[in-house]
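Numbering-wise, our numbering puts 130 at position 129 of the sequence shown, and it's gapless, one number per residue.
Reviewing the structure listed below.
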Amino acid sequence: MLNLILYATTVAIWGSTWLVITFQLRGSAPTTAVGWRFLLAGLILLAWCAVRRVSLKFTPRQYGLIVAQGLANFSFNYWMVYRAEARISSGLVAVIFTLLLVFNMIGARLFFAQAISRRAALGAGCGLLGVLLVFWPEVSHFETGGRAWQGLLIALLATSISSVGNLLSVKTYNDGIPVIPNITIGMTIGGLTMLGFAAVTGETITIPLTSEFLGSLLYLSLFGSVIAFAAYLTLIGRVGAGRASYNGVLIPIIALALSTLFEGYHWHLASLAGVAMSVLGNILVMQGKARL
């Protein structure tokens, strides 16, 4: 029952964060919204580390790895996500992010020499076909500079940056850096970097004092960035990373359902087939552990 609760918690929260992001975009620039989200999450985790007396002391080399993965996982990738959601629906961005497993698989092959099984390769093909089908109306009516295409390309770039962050996270784990101190420093650095970037580019870093922005900020920082991550890490400890990662199968479905209800996303036959292919692709990639 506890495993089920942990699984449902991560799916429900991470499936809904894609929509909640759009609430922040109504009152703030993406750079500022991302900055405050992860700075607040980092401060919450810093307080938790202080209460639990968790050490944040590492070697200069380890700090370098932590900062690098923080910038990739909790900074520029989300900045791209926010910019993508200003152009296409939150559910579509969630579907594009199902390609993260494919990007991770390719990166693990290039940088960690991990073999790619036939099943995983087939899953990658299904995932790519799924995204193509979901975006079929835009593909069949290609328009250079169209907002949908801009959103697609930006979301793909965000996914690639997130994949780099995932690979760096593997490196920090292999280097013996505990997860909680790692994400605590990473989120804090990521948030400060975005706020600094906003200040340099002339954007205001003032928090909009509206219930919509403050409510979404609290939800994304506390629930989306702290509670869901804690639940996910606990689930990994109980059932293993492979089984825990199956939450990625349901998250885009939840995101698209919410997008349908609140953003007016219109389903068509190709999008239904695309979501099915994306889900199948994720399952095949996660199961594709055998060697070629």
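Glycine residues also receive a C-beta, built at the ideal position from the N, C-alpha and C atoms.
Quick caveat, the model's predicted, so the values are computed rather than measured.
Contact check, residue i vs residue j, beta carbons under 8 Å
i, j, result
"G92", "W19", "yes"
"T32", "A199", "yes"
"L168", "F112", "yes"
"V12", "I255", "yes"
"L26", "A34", "yes"
"P253", "T60", "no"
"L7", "T205", "no"
"Q288", "R54", "no"
"V286", "A95", "no"
Proximal residues to residue i (C-beta, below 6 Å), its chain only, five neighbours per side dropped
i, result
"R110", "I117"
"V280", "V250"
Chain-order list of residues whose beta-carbon lies under 8 Å from that of residue i (same chain, five-residue window excluded)
i, result
"S170", "Q70, N74 and N183"
"F39", "F75, S76, Y79, M188, T189, G191, G192, M195, S222 and S226"
"R148", "R88 and I89"
Exposure label - residue i; buried when at least 16 CB within 10 Å
i, result
"Y174", "exposed"
"E213", "exposed"
"L5", "exposed"
"W37", "buried"
"L101", "buried"
"L262", "exposed"
"V52", "exposed"
"A114", "exposed"
"V276", "buried"
"L218", "buried"
Contacts around residue i, its chain only, beta-carbon distance under 7 Å, and the 5 residues preceding and following it disregarded
i, result
"A274", "L134"
"A159", "N78, M81, V82 and A85"
"S164", "L101, F104, N105 and G108"
Backbone secondary structure at residue i - three-state DSSP
i, result
"P209", "coil"
"I6", "helix"
"T202", "coil"
"A258", "helix"
"P179", "coil"
"I117", "coil"
"K58", "coil"
"A291", "Its pLDDT being 39, under 50, A291 is placed unreliably by the model, and nothing is read from it."
"F136", "coil"
"A30", "coil"
"F75", "coil"
"I89", "coil"
Nearest-angstrom Cα separation, counted from residue j out to residue i
i, j, result
"W49", "I155", "34 Å"
"R292", "G131", "Note that R292 scores 37 on pLDDT, short of 50, meaning its location in the model is unreliable and no value can be drawn from it."
"W150", "P138", "11 Å"
"T185", "H267", "39 Å"
"L72", "G166", "8 Å"
"V21", "A9", "18 Å"
"L270", "L257", "14 Å"
"L210", "S260", "25 Å"
"T202", "A30", "11 Å"
"A42", "V180", "15 Å"
"K1", "N105", "Residue 1 falls outside the range modelled here, since the chain spans only 2 to 293, and no answer is possible."
"F224", "F136", "30 Å"
"G16", "I67", "26 Å"
"S56", "Q63", "13 Å"
"L123", "G197", "42 Å"
"M278", "I14", "23 Å"
"Y247", "G282", "12 Å"
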